[in-house]
Structure formats: C-alpha cells, structure tokens
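Chemist:
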Amino acid sequence: MNKKSYMFDLVYGIVCFVFGWLLVTTLSGQDSKGVFDPDVELRIPGLVCSSCAIGVKNGFSKTKLVKNIKFDTKKQICQIEFISVQIHPSNMTNIVKKAGYELKSIKWLKDRKPNRYNAP
Numbered sequence: 000m001n002k003k004s005y006m007f008d009l010v011y012g013i014v015c016f017v018f019g020w021l022l023v024t025t026l027s028g029q030d031s032k033g034v035f036d037p038d039v040e041l042r043i044p045g046l047v048c049s050s051c052a053i054g055v056k057n058g059f060s061k062t063k064l065v066k067n068i069k070f071d072t073k074k075q076i077c078q079i080e081f082i083s084v085q086i087h088p089s090n091m092t093n094i095v096k097k098a099g100y101e102l103k104s105i106k107w108l109k110d111r112k113p114n115r116y117n118a119p
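Residue numbers (numbering that gives the first Met the number 0): 0 to 119.
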C-alpha cells in the first residue's frame with residue numbers, strides 16, 4: 000500500500016465518520032440547542048418591561064433547574080423550560096414573590112392535567 004492510497008483511505012474514513020455522526024445526531028434529535036420547549040407558563044401581573052423580568056429571571060436561574068426562560072411582557076407571562084426536574088408550584092410562587100411580583104396562575108404545558116391556568 001503506497002502513501003497516497005493510505006492518505007486517501009484515511010481522509011475517506013474521517014469524512015464518512017463525520018457524515019455518519021451528523022446523520023445520527025440529526026435523526027436522534029440530540030442536537031436541538033436552538034429549540035425552546037417550555038414546561039410551564041406563569042401569569043405575572045405587572046411584568047411590563049424587560050427590566051421588570053430581570054429579578055424573576057435571576058430568581059429562577061439560582062435554582063439551577065432552569066434550562067431556558069422567556070418573557071412576553073405584552074401578555075405578562077413567563078415561560079420556563081426545565082432541565083429535568085420541575086420546580087414545585089410553592090417554590091415558583093416564592094421566587095416570583097421575592098422578585099416583587101404576585102404569581103397569578105400556573106399553566107403546565109407538558110404531561111400535566113388539567114391543561115389550563117390554575118391558581119398557584
């Protein structure tokens with residue numbers, strides 16, 4: 000086996016490995032970093048600007064259980080995606096209260112019945 004053939008086989012093997020890895024990760028859904036899939040939606044009256052949301056965001060971030068959090072100040076809601084373990088509703092109420100707001104309702108978006116807004 001000559002040197003050119005060896006290099007060709009090596010490069011070909013690396014390219015096949017990379018494309019195979021990309022195919023497997025794409026089909027298995029492991030590479031879904033950009034997808035936001037919230038677990039819970041909180042109604043927080045008075046949450047009217049992004050500055051208002053900073054205290055709430057910091058409170059939930061301290062728990063280390065939150066993967067992502069987004070706010071809609073027009074609707075005065077907060078959507079939270081958990082890493083794996085969900086936060087108990089009483090803890091959510093305390094976090095929002097410490098930030099200076101009242102938690103009006105909680106809506107579970109995944110695997111929780113009934114799927115409507117509930118008082119905390």
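Don't be surprised by glycine CBs; every beta carbon is placed ideally from N, CA and C.
Pairing CB atoms from the stretch 98 to 105 with CB atoms from the stretch 34 to 45, are three or more of them under 8 Å?
Modeler: Yes: at least three Cβ pairs fall under 8 Å.
Chemist: How is Lys3 classed by DSSP in three states: helix, strand or coil?
Modeler: Your numbering for residue 3 matches position 4 in the sequence shown. It is helical.
Chemist: Quick test of your reading: Ile79 and Val65, contact by CB under 8 Å. State the CB separation rounded to the nearest angstrom.
Modeler: Stepping through the sequence shown from its first residue, residue 79 is reached at position 80. Stepping through the sequence shown from its first residue, residue 65 is reached at position 66. With a Cβ gap of about 6 Å, Ile79 and Val65 count as contacting.
Chemist: With C-beta atoms as the reference, is Ser49 less than 8 Å away from Thr72?
Modeler: Residue 49 sits at position 50 when you count from the first residue of the sequence shown. Residue 72 sits at position 73 when you count from the first residue of the sequence shown. The answer is yes: Cβ separation under 8 Å.
Chemist: For Lys56, which of helix, strand or coil comes out of DSSP?
Modeler: Along the sequence shown, read from residue 1 onward, the residue named residue 56 stands at position 57. In this structure, Lys56 counts as helix in the three-state DSSP scheme.
Chemist: Based on DSSP bridge pairs, tell me the residues matched to Leu41.
Modeler: Counting from 1 along the sequence shown, the entry for residue 41 is found at position 42. Leu41 is bridged to Cys77 and Ile105.
Chemist: State buried or exposed for Tyr5, treating a residue as buried only when at least 16 other CB atoms are found within 10 Å of its CB.
Modeler: Locating residue 5 in the sequence shown gives position 6, where the first residue counts as 1. The residue is exposed, with fewer than 16 neighbouring Cβ atoms inside 10 Å.
Chemist: Please confirm whether any heavy atom of the ligand SAM lies closer than 7 Å to the CB of Lys66.
Modeler: Annotation note on the ligand SAM: not contained in the displayed structure, which lists no ligands.
Chemist: Would you tell me roughly how many angstroms separate the C-alpha atoms of Ile94 and Thr62, rounded to the nearest one?
Modeler: Stepping through the sequence shown from its first residue, residue 94 is reached at position 95. Stepping through the sequence shown from its first residue, residue 62 is reached at position 63. When rounded, the distance between both Cα atoms is 10 Å.
Chemist: Just to confirm before moving on: does the CB-CB distance between Tyr100 and Val34 stay below 8 Å?
Modeler: Residue numbering aside, residue 100 sits at position 101 when the sequence shown is read from its first letter. Residue numbering aside, residue 34 sits at position 35 when the sequence shown is read from its first letter. No, they are not a contact pair.
Chemist: Buried or exposed for Phe59, please, with buried defined as at least 16 other CB atoms from any protein chain shown within 10 angstroms of its CB.
Modeler: Within the sequence shown, residue 59 is the residue found at index 60, counting from 1. It is buried - the Cβ of Phe59 has at least 16 other Cβ atoms within 10 Å.
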